[in-house]
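Chemist: Residue numbers for the sequence shown follow the numbering used here, beginning at 34 and rising by one. We treat Cβ as the ideally placed atom computed from N, Cα and C, and that holds for glycine.
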Amino acid sequence: MKIYTKTGDKGQTGLIGGSRVSKNDLRINAYGTVDELNSHVGLLRDLIEDEKINAQLLLIQDRLFTAGSLLAVGDKGTKMKLPQLHSSNIKDLEECIDAMDKDLPAMKNFVLPGGHITVSNCHITRTVCRRAERFIVELSQSTELDALIVAYFNRLSDYLFTLSRKLALDLKAKETPWTPKI
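Shown next, in the form of structure tokens:
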């Protein structure tokens, strides 16, 4: 199978189920941003040596491929059997958040991203997650989507924020509180 098909040379791409849409279609923006997020999670995984966190991030990458494939199904649907997101995936994220949070100092201010290259990359990953979530929410207003998809991305961004704080603590990076200049 060749990597290039030339079928997208005029700005259209195929969805699961066979329909074709513009490459700037909201559905493409949604699953394309999920793909971008998955790449950032991979980079984050490469920067982190903690095996437990790496295992969590690997599972998240699997769930992102699942979400991407669900978002890539055209309006006519498909007979193809696709993996699904489950409420247990959200519960897993919540359990990870709670486990990390118990060791973190209480938040008294917003925290400025930065302090260590790994922490900064985690914040970038979080913001890409939020962008993916916004595209998914916008898509859900015109297309029927499983509500678990939106909930998963909302919780994932919470996970990534909490992970950034844990990484800052583990790496002894300074967390800089945001102090508004009025």
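(1) Examine the Cβ distances between the segment 100-109 and the segment 63-71 and report whether three or more of them are shorter than 8 Å.
(2) Quick one: grab the DSSP three-state call for residue 91.
(3) Can you list, in chain order, the residues of its chain whose CB lies under 7 Å from that of residue 87, leaving out five sequence neighbours each side?
(4) Leaving aside the five residues before and after residue 123 along the sequence, list all residues of the same chain whose C-beta is less than 8 Å from its C-beta, in chain order.
(5) Starting from residue 47 and walking both ways along the alpha helix (DSSP H), at which residues does that stretch end?
(6) Using the beta-carbon count (16 or more within 10 Å), is residue 91 buried or exposed?
(7) What did DSSP end up calling residue 209 once you bin it into helix, strand or coil?
(8) Do you know offhand how far residue 37's Cα is from residue 160's?
(9) Identify whether residue 70 lies in helix, strand or coil by the three-state DSSP scheme.
(10) For the ligand ZN, is there a heavy atom less than 7 Å away from the beta-carbon of residue 110?
(11) Short check: CB of residue 74 to CB of residue 49, under 8 Å?
(12) Determine whether the beta carbon atoms of residue 40 and residue 144 lie at a separation below 8 Å.
(13) What do you reckon, are the CB atoms on residue 191 and residue 118 nearer than 8 Å?
(14) Roughly how many angstroms lie between the CA atoms of residue 207 and residue 201, to the nearest whole one?
Modeler: Working from what's here:
(1) yes
(2) Residue 91 falls in the helix class under three-state DSSP.
(3) 78 and 81
(4) 181, 184, 185 and 188
(5) Looking at the DSSP string, residue 47 is not in any alpha helix (DSSP H); the run it does join, the beta strand (DSSP E), is 45-47.
(6) exposed
(7) strand
(8) 31 Å
(9) helix
(10) This structure lacks the ligand ZN, and indeed carries no ligand of any kind.
(11) Contact flag unset, no.
(12) Taking 8 Å as the Cβ cut-off, residue 40 and residue 144 do not qualify as a contacting pair.
(13) no
(14) 7 Å
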